[in-house]
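Residue numbers (the numbering used here): 1 to 176. Think of the CB as a built atom: it goes at the ideal place given N, C-alpha and C, for glycine as much as any other residue. None of the values given here were measured: they were computed from a predicted structure. All remarks here apply to the structure that follows.
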């Protein structure tokens, strides 16, 4: 089979299942970085899911006939089953990033990401400082508004607080 498969044409949007059994790459020179990152992310997710299933006991049905106390037999079967599933997950991740519809999407994503003007380190630092300052200022402002409206509502009798609340102690301390 050639190095490229279906570079456009009528079969570019078929089913994913037949795509699992192909070996070629779809547009190998385009969108390389985002496809690699997507592959490693999906493969890692698949392997972590298999690990979680293995360690939580979902594969215990494989050793149902094992004798109590026998350690090597059932553990080897469970490990081999887990490795086989992880291999299927990794292969599926590889084929997913070469699936024509998804690969075209990833190629378009990388093309758009190359158009973005990224900030410099200094711009990023300044913008982060502004955001953190605004968040803290809004938190203080909301706290002060809460104190103000709590006092107003208690003065007009809409809200009643316990005599041991922090607001009552603060009013007693300040002499209100």
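Residue i to residue j span [Cα, whole Å]
i, j, result
"residue 104", "residue 143", "50 Å"
"residue 83", "residue 55", "13 Å"
"residue 151", "residue 174", "13 Å"
"residue 139", "residue 145", "10 Å"
"residue 148", "residue 58", "56 Å"
"residue 53", "residue 44", "14 Å"
"residue 132", "residue 78", "49 Å"
"residue 22", "residue 88", "14 Å"
"residue 81", "residue 136", "52 Å"
"residue 112", "residue 39", "19 Å"
"residue 47", "residue 24", "23 Å"
"residue 172", "residue 123", "48 Å"
"residue 49", "residue 118", "34 Å"
"residue 128", "residue 97", "34 Å"
Short Cβ contact (7 Å threshold) for residue i with residue j
i, j, result
"residue 31", "residue 90", "no"
Whole-angstrom C-beta distance between residue j and residue i, which should lie under 8 Å
i, j, result
"residue 93", "residue 42", "4 Å"
"residue 34", "residue 109", "5 Å"
Element boundaries [alpha helix (DSSP H), containing residue i]
i, result
"residue 133", "121–155"
"residue 55", "32–55"
"residue 106", "100–115"
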